[in-house]
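In terms of UniProt numbering, the sequence shown opens at residue 1 and continues consecutively. We put the CB at the ideal spot given by N, CA and C, even for glycine. Below you'll find the structure, written out as structure tokens, and then a few comments.
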Amino acid sequence: MSSVIVAILVFGLIVLIHELGHFLFAKMNGIAVVEFSIGMGPRLVRFKRGETIYSVKALPLGGSCMMLGEDEENPDERAFQNKSIPARMSVIAAGPIFNFILAFFLALILVGMNGYDTTYIKEVTENSPAYEAGIRPGDKLLKINGENVSMYRDYILFKLLRPEEKMNLVEFSRTDPSTGNAIIQSSTVTPQYSEESGKYLIGITIAPENKKAASIGELVKYGYMEMEYDVKLTVKSLGMLFTGKASVNDLSGPVGIVVMIDDSVKAGLSVSVAAALMNVISMCILLSANLGVMNLLPIPALDGGRLLFLMIEAIRGKRMDPEKEGLVNMISMAALMALMIFVVFNDISRFT
1 MSSVIVAILV FGLIVLIHEL GHFLFAKMNG IAVVEFSIGM GPRLVRFKRG ETIYSVKALP
61 LGGSCMMLGE DEENPDERAF QNKSIPARMS VIAAGPIFNF ILAFFLALIL VGMNGYDTTY
121 IKEVTENSPA YEAGIRPGDK LLKINGENVS MYRDYILFKL LRPEEKMNLV EFSRTDPSTG
181 NAIIQSSTVT PQYSEESGKY LIGITIAPEN KKAASIGELV KYGYMEMEYD VKLTVKSLGM
241 LFTGKASVND LSGPVGIVVM IDDSVKAGLS VSVAAALMNV ISMCILLSAN LGVMNLLPIP
301 ALDGGRLLFL MIEAIRGKRM DPEKEGLVNM ISMAALMALM IFVVFNDISR FT
């Protein structure tokens, strides 16, 4: 039960910030907001301040920022459709952007509490491809095949999502003992196939080591990297879904997320309350980044789809037929709801 409450609070925070982005930019652009709500279904709490109704609804999923003239023609100058295209685009884009801002802010807290993980090489197997290429213990891994490897998790993610790709070009830094300066080097490494593991290996071991941020600049740098990692994870996961490397059966919905939060809290509490808190913050960062990325997909009914319609309007010089646009959005929303129902039932079958 406690994990369900934590999950509701996590969902609530992420949705609140998303809708707050839409709300604030609507107000900034002089657009009337009819209702600002968190959740779906019947209202549990409702009050009106000024022109806007504020409400909390029964189902802790989703939320809305209903603006005047958002889906229909309205002569009022404060109606959404009567504002300029840049103004409307800024309102729509603000939701996902605020999710990225929330993820970054939470990442700063997480890095401040827990530090950041490094990519220093602990061991290099003698006569291995890495050893022959001149890589030595103490070197810091920077890039693999041109892709940044800023944290230990980047290295793991590379191996996890691209197991068939050989690590051919490795960029690393080495501290010059005489000056203390980092010297960046690149080496071509030809991995050797290991019969034992069934993988191509280069012969290095990276030991994850947490380091505390030594300055505000370092905190901001690694906080950004923490958020960037979750954005990158979401984008690559979507890429795998669209290319057939993953299936819809691998998706997790609200039930799956509650289970993951529950596992994270329990794992953290086995160490300390602070560890549990950091695990929850880490989940918040991932989910907020996930919501930001997902909402920017050019799918009708999502923020990305609405931005696409506004781009088309800007190119054509006139708005699409509201009825056709509404029909496309309705069909897309129905498809998304069907997918959500499938994912929920899939979660239930997996976790019960």
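Extent of the continuous beta strand (DSSP E) to which residue 39 belongs
33-49
By how many angstroms is the C-alpha of residue 95 removed from the C-alpha of residue 103?
Rounded to whole angstroms, residue 103 to residue 95 spans 13 Å at the Cα level.
Hey, out of 139, 324, 288, whose CA is closest to residue 354's CA?
Nothing can be reported for residue 354, as the shown portion of the chain is limited to 1 through 352.
Counterpart residues of residue 205 in DSSP-defined beta bridges:
123
Buried or exposed (CB count within 10 angstroms, at least 16 for buried), residue 150:
buried
Thinking C-beta only, is residue 65 closer than 8 Å to residue 19?
yes
Can you name the start and end residues of the beta strand (DSSP E) that residue 313 belongs to?
It is not in any beta strand (DSSP E) - residue 313 instead sits in the alpha helix (DSSP H) that spans 303-316.
For residue 174, which three-state DSSP category applies?
strand
Per-residue burial, residue 398 [other beta carbons within 10 Å of its own, 16 or more giving buried]
A question about residue 398 goes unanswered here, because the residues of the chain that appear run from 1 up to 352.
For residue 340, the three-state DSSP class (helix, strand or coil):
Three-state DSSP puts residue 340 in a helix.
Just to confirm, is the Cβ distance from residue 292 to residue 105 under 8 Å?
no
Reduced DSSP secondary structure (H/G/I, E/B, other) of residue 349
DSSP places residue 349 in helix when its eight states are reduced to three.
So residue 106 is in the alpha helix (DSSP H); what residue range does that whole segment cover?
85-114
Over what stretch of residues does the beta strand (DSSP E) that includes residue 186 continue unbroken?
182-188
DSSP state of residue 358 mapped onto helix, strand, coil
Shown here, the chain extends from 1 to 352; a query on residue 358 therefore has no answer.
Outcome for residue 311 when other beta-carbon atoms lying within 10 angstroms are tallied against a minimum of 16:
That one is exposed.
Check whether residue 332 and residue 300 have beta carbons under 8 Å apart
yes
When the Cα atoms are used, what is the spatial distance from residue 264 to residue 153?
17 Å
Tell me the rounded alpha-carbon separation between residue 296 and residue 309.
13 Å
Are the Cβ atoms of residue 111 and residue 226 separated by less than 8 Å?
Yes.
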